[in-house]
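**Q** Residues 17 to 162 (our numbering) make up the sequence shown, in order. We treat Cβ as the ideally placed atom computed from N, Cα and C, and that holds for glycine. What you are looking at is a predicted structure, and each value in this text was computed from that prediction instead of being measured. Would you mind keeping the following structure in view while I ask a few things?
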Amino acid sequence: MTAMLAMMQHRRKKVPIIVHKESERAHQWSQVYSEETKKQSIPVITAWQLNERMYGELQGLNKQETADLFGKEQVHEWRRSYDIPPPNGESLEMCAERAVSYFKEQIIPQLVSGKHVMIAAHGNSLRSIIMHLDKLTSQEVILLCI
C-alpha cells in the first residue's frame with residue numbers, strides 16, 4: 017500500500033502495475049502488451065523476501081498480551097535481540113538473510129544498470145538492508161529505529 021500511494025503521487029503520474037513473478041503463468045498474465053500502456057505505467061514487483069519478520073507464536077498479539085503470556089523481559093529479548101527468535105518465528109538475523117539476499121540478487125543489478133528503484137518494505141526488512149549497506153554490527157542494528 018505504501019508503494020502504491022507513493023507512486024500515485026509521483027510527478028509523472030504513471031499508473032502502478034503489479035508484475036507477478038511467483039510462477040511463469042502469473043508472470044505471463046501480468047504482461048503489458050500495449051506500448052501506450054507501458055509508457056503510462058510503472059512496474060511494481062512484489063517479493064515475499066521483503067515481508068516483515070515472522071513473529072511466530074507472537075503473531076497477532078499486542079505487546080500487553082505477549083508480556084502477560086511470556087513475561088516482559090522475554091518479550092523484550094525476542095523483539096530487540098539480533099539472533100534470538102520468538103517461538104516458531106524469525107530472529108532479525110533470519111529476516112536479514114532473506115532480505116539482504118534479495119537486495120543483492122534483484123535490486124543491486126537494477127541499480128547498476130542505471131534504473132531507479134523504490135523499495136517499500138517493512139521495518140525489520142529495511143533495518144536488515146540498512147545494516148548491510150551501512151555495515152552495522154548486530155548490536156548497532158538493534159538500536160536502529162525505522
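Between Gln-56 and the rest of its own chain, which residues show a CB-CB distance below 7 Å, the 5 nearest in sequence each way excluded?
**A** Lys-30, Val-31, listed in sequence order.
**Q** Going by beta-carbon coordinates alone, are Asp-99 and Glu-109 separated by less than 7 Å?
**A** Yes. Within cutoff.
**Q** With DSSP collapsed to three states, give me the class of Pro-125.
**A** Helix.
**Q** Going by beta carbon distance, what residues of the same chain come within less than 7 Å of Ala-83, once the five residues before and after it are set aside?
**A** Within the same chain, Ala-83 has close Cβ partners Val-91.
**Q** I'd like the list of long-range same chain contacts for Pro-102, defined as Cβ closer than 7 Å, with 5 residues on each side in sequence excluded.
**A** The residues are Tyr-71, Gly-72, Glu-73, Leu-74, Trp-94.
**Q** Compute the Euclidean distance between the alpha carbons of Tyr-49 and Val-116, then round it to the nearest angstrom.
**A** Straight-line Cα distance between these residues: approximately 32 Å.
**Q** Would you mind listing the beta strand (DSSP E) stretches within the stretch 23 to 63 that are 3+ residues and don't spill past its ends, in chain order?
**A** The qualifying runs are 31 to 35, 57 to 61.
**Q** Looking at the unbroken alpha helix (DSSP H) that takes in Met-110, where does it start and where does it end?
**A** Here the alpha helix (DSSP H) through Met-110 covers 108 to 118.
**Q** In whole angstroms, what is the alpha-carbon distance linking Ser-144 and Glu-52?
**A** Distance between the alpha carbons of Ser-144 and Glu-52: 38 Å.
**Q** Could you round the C-beta distance between Lys-37 and Ile-61 to whole angstroms and report it? I think they count as a contact, below 8 Å.
**A** Yes, they are in contact, since the Cβ atoms of Lys-37 and Ile-61 sit about 7 Å apart, within 8 Å.
**Q** Residues in the same chain with beta-carbon distance under 6 Å from Ser-46, minus the five sequence neighbours each way, listed in chain order, please.
**A** The answer, listed in chain order, is Val-35, His-36.
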